[in-house]
Structure formats: structure tokens, C-alpha cells
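For the sequence shown, the numbering used here gives the first residue as 4, with consecutive numbering after it.
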Amino acid sequence: MTSAKAAGEGRETFTRNSGFIFAAIGSAVGLGNIWRFPGVAYESGGGAFLIPYLVALLTAGIPVLFLDYAVGHRFRGTAPLSFRRIKKPVEALGWFQTGLLFVIGVYYAAVIAWALSYFFFSFNQSWGDDPAGFFTGEYLKVGDPGVSTTIVGGVALPLIVVWLAVLAVLLLGVANGIEKVNIVFIPLLFIGFAGLVIRAVTLPGAVDGLNALFTPKWAALKDLDVWIAAYSQIFFSLSIAFGIMIAYASFQRRKANMTSSGLVVAFANSSFEILAGIGVFSALGFLAYQQQIAVSDLEGLTGPILSFVTFPAVISEMPGAAFFGALFFGSLVVAGFTSLISLMIGVSAGIQEKWGLSRTKAAVGVSVVCGLISLGLFSTTSGLIALDTVDMFANNVGVVSSAILMTIIMIWVLRRGDMLRHHLNAVSTFKVGRIWLALVGVVAPIFLTIMLVQKVWSVID
Ligand code: PFF
4 MTSAKAAGEG RETFTRNSGF IFAAIGSAVG LGNIWRFPGV AYESGGGAFL
54 IPYLVALLTA GIPVLFLDYA VGHRFRGTAP LSFRRIKKPV EALGWFQTGL
104 LFVIGVYYAA VIAWALSYFF FSFNQSWGDD PAGFFTGEYL KVGDPGVSTT
154 IVGGVALPLI VVWLAVLAVL LLGVANGIEK VNIVFIPLLF IGFAGLVIRA
204 VTLPGAVDGL NALFTPKWAA LKDLDVWIAA YSQIFFSLSI AFGIMIAYAS
254 FQRRKANMTS SGLVVAFANS SFEILAGIGV FSALGFLAYQ QQIAVSDLEG
304 LTGPILSFVT FPAVISEMPG AAFFGALFFG SLVVAGFTSL ISLMIGVSAG
354 IQEKWGLSRT KAAVGVSVVC GLISLGLFST TSGLIALDTV DMFANNVGVV
404 SSAILMTIIM IWVLRRGDML RHHLNAVSTF KVGRIWLALV GVVAPIFLTI
454 MLVQKVWSVI D
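Encoded structure:
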């Protein structure tokens, strides 16, 4: 094994601890928090969902986050390199994780491009009286299978802008790119989004929306699917077991309080998620109030339809529509972009380390290839169709398998648990006890295996 210490010398690092924390929050807080969490919670037991959610956070989320941090910080490489330094064949797991990042990046960028278009549409609510028809018909042209949207006014232009922005940040690197973008935009995002939520909860009908979201349906706790939804949400939302947190931790300075930073990141991410749930459902309550129907009778409470069909309808009804529309879609763009750059630096730094390329070559190569695939898929109508399947595979099957393999290999096959635990404790003020080993070595893999088997079973069935 190469000496991890020697090999890590000269590695680019974040310039301060807050830079690492903001970057990790930037990666975690993303589209998943705003458009995924509220709908998942609503469909999976409402207020009762908070129980599996918290269990998943404490038994798998935070423990696996610490595992990612320990591996990256100790072995000073992106996932493939860190795993190779631990044991050569495990490098394959790192490439599997990198593959997931690549796939998610391709569609994640498209959703950010939609949000960017909608940011501009907000100024005069260009979606008109029929946001559903506008989104799928005029904007995405889903009615005409395989037809390309036009470059200007379609998805292609915003997609090109998004990929050029990704390229710019990758070229600037960790300290000047990733760190600066997050230090500026994450506080802005939290402030802007809090403003949006305050406005939403003071709208008429907001209470009905909150009741719809938080009224507990206890029977849901008996449903395995609800538990699966909680674990998937935690993994996707915290960006764990994708190799991203390994990469970010590898860019952290050697003297760094890793576990305490992890707790801050996990707390910030979950708080943002719950805040988003409150904001989104207050706004939906308002829409139901305007239409004089019950919140449960509204359609399109999850996924792309929530953000690009239901929300435009809410915004059009709101006083100050242009301002609040721009704030909502601006938040989606910022939250999504700070996650997308984490996905892409994982891929480009991984390739850079493997083939000894310059940062510029790796960044240009990765942005151009991903950008072209994204453009090819999403400037025609195949994108929307591909999104669901790819999202399902990457987030349910892909990342769960990755987490199972990672925990079992590290703790049982290679028996690195104690070494990693001592590493975390040597640098951090919040010490992790042997309970951490039990969680990452036993509880998390058992839960995750049950989830995976059930998921694969339901797909085959
Ligand atoms: N955590 C991001 C979100 O909640 O939207 C998504 C994400 C980013 C997933 C980075 C995975 C990842 F590696």
C-alpha cells in the first residue's frame, strides 16, 4: 500500500473548516430537500413518517456519513483512490459509486436547467393559466415523441449555461471554486428560503396544508415501504455512500474536527428539509383554499410535477407572484447547483487521480461528456421518460447496494472499523464509541439488505 500520508501531500484543501462545512451542506441540501422530501413525507405516513426518518438518520445516515468522512480523510483520495489504498480490488466499489454520480449528474443538471428557465418565467408568469400544458406541452414538448425542443426558449440553452457554470467551478478547483461558491450561496439560500417559508405560512389556508402534511397516519409504520422511503431519502439527501463525502473529506485539512462537522451538516440538512416541507405544504394549503378543495384532492404533490406544474399555479395566485416565484426557482437553482458541483467534482477528481491528468483536462472532459449526454437526452422528450427509471435505479438499487458493500467490506471483510474509528477520534472533539461500529457494521447493513431485497422483489414482481 502506498503510504496514505505521503500520497496525500500537496493535495488541494479547503482553506478553512467553515469552507468544508458549507460545501458539505451545499452537497446535501439540494433538489432532494425541496421537491423530494415534502412529497415523500406526505405519502409515507405524514407526521408519523418523522419516526422512520429519525431512525434512519440515527442508525444509518450519521454513521455512514462518519464512515465516508473517515475513509476520505484518512486515505486522502476520491472514492476509487481511497478504496485502492485500503485494498486494491475495492477500487471497483469506488468506480461503481463514481458511475452513480455520473448518472445522477446527467439528469440532475436537466432539472436545474428547468428551474433556471422557470426563474425567468416567474417574472411574468409565462406558464399562463395552464401550467401543466405549458410544462409538458410548450416547454418540454412531450406530446411529440422524440422531437427536439428549439435551442432558444427550450431546455438546451439553460442546460448549456448550467454545464458551463459547472465547468467554471471545476476549473477553479476546491478552494477557489467549490469553497467560494458554497460560502457565498449557502447562507443566501437559507435566508431566501426562510423568507419564502415565512410568506407561505402566513397565506390563507396554510394551516390546512400543514395538517395534511403533519397529521400522523400511524398505520404507515407497519408498512415496509415507508421505512424504505425513509432510508432512501436519508441517503440521497445527505449525499452519502456515493463517494462524494469521501472526496470532500479528502480535501479537508488534516487537522479538522470531522465528526462535529458531520453533526452540523446532518442537522442543517434535516432542518432545511423540514423547513421545505412546511413551506411547500403551506403553499399547497393556500392553493387548495383558492380552489375551495381539500389539500388531499390536489394533484401533483411530488417530483417534477410539484415544482413545475403545481408550484407555478400556486405562485400565480400569490400576491407578489414575480418576487416569490423568482425566490422559489432561484432557491431550486442554487440548492441544485451546489449539489451538482459536488457530484461532478467526484467524477472529475476521480478520473484526474486515476490517470494523472491535469485538473483542466479532467474538468473539461467530464463536463463536455456529461453535458452532451444531458443535452442529447433532455433536449428531446426522452429525458422526462428516462428520469424516473434512472432515478429509481440509482437511488434505490444503486446507492443501497453501494452502502451495503461499503459497510460490510470495511467492517467485516477488511476489518478496518477500529482503525477508522480511532482516526475519527484522533482528529475530532465528538468521539465515536463502539456503538458506531455496531451501527455501521450490523444495524445499517441488515436494514439496507432488507430494503434492497424488497425493492428488487417489487420490481421483478
Ligand atoms: N443530496 C442532494 C439532494 O438532496 O438533492 C443530491 C445528491 C448530491 C445526491 C450529491 C448524491 C450526491 F452525491
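Think of the CB as a built atom: it goes at the ideal place given N, C-alpha and C, for glycine as much as any other residue.
Can you give me the C-alpha to C-alpha distance between residue i and residue j, rounded to a whole angstrom?
| i | j | result |
| --- | --- | --- |
| Gly374 | Arg424 | 39 Å |
| Tyr251 | Phe196 | 25 Å |
| Ala329 | Pro190 | 17 Å |
| Leu206 | Tyr45 | 20 Å |
| Gly22 | Ala116 | 26 Å |
| Ala112 | Leu440 | 36 Å |
| Leu346 | Asp226 | 32 Å |
| Ala7 | Ala397 | Residue placement at Ala7 is flagged as unreliable, the pLDDT there being 43, under the threshold of 50; a coordinate-derived value is accordingly withheld. |
| Arg202 | Asn214 | 17 Å |
| Leu301 | Ser120 | 25 Å |
| Phe138 | Ala291 | 21 Å |
| Ile376 | Ile163 | 11 Å |
| Lys91 | Leu417 | 12 Å |
| Ala316 | Val430 | 50 Å |
Whose C-beta lies closer than 6 Å to the C-beta of residue i among residues of the same chain, with five residues either side of it excluded?
| i | result |
| --- | --- |
| Ala233 | Pro55, Tyr56 and Ala59 |
| Met413 | Arg419 |
| Gly212 | Phe284, Ser285, Leu287, Gly288 and Val298 |
| Gly339 | Gly33, Leu34 and Ile115 |
| Ser253 | Gly75, Arg79 and Gly80 |
Got a sec: does the ligand PFF put a non-hydrogen atom nearer than 6 Å to the Cβ of residue i?
| i | result |
| --- | --- |
| Ile453 | no |
| Ala159 | no |
| Ala352 | no |
| Ile3 | Only positions 4 to 464 of the chain appear in this structure, which leaves residue 3 out of reach. |
| Ser129 | no |
| Phe239 | yes |
| Ser404 | no |
| Asn36 | yes |
| Leu427 | no |
| Ala116 | no |
| Ala232 | no |
| Gly359 | no |
| Ala250 | no |
| Gly42 | no |
| Ser30 | yes |
| Gly280 | no |
| Gly33 | yes |
How should residue i be labelled, buried or exposed, when 16 other C-beta atoms within 10 angstroms of its C-beta is the threshold for buried?
| i | result |
| --- | --- |
| Ala244 | buried |
| Val187 | exposed |
| Arg87 | buried |
| Asn364 | First, the amino acid is wrong: residue 364 is Lys here, not Asn. Counting Cβ neighbours within 10 Å, Lys364 comes out exposed, since fewer than 16 surround it. |
| Gly131 | exposed |
| Phe17 | buried |
| Ala51 | buried |
| Trp415 | exposed |
| Lys504 | Because the chain here runs from 4 to 464, residue 504 falls outside it and cannot be looked at. |
| Ser274 | exposed |
Using C-beta distances below 7 Å, list every residue in its chain close to residue i, excluding the 5 sequence neighbours before and after it, in chain order.
| i | result |
| --- | --- |
| Thr101 | Ala82, Pro83, Gly246, Gly349, Val350 and Gly353 |
For residue i, which residues of its own chain have a beta-carbon under 8 Å away from its beta-carbon, when the five flanking residues on both sides are left out?
| i | result |
| --- | --- |
| Val392 | For the record, residue 392 in the displayed sequence is Thr; it is not Val. Around Thr392: no qualifying Cβ. |
| Leu104 | Phe245, Gly246, Ile247, Leu346, Met347, Gly349 and Val350 |
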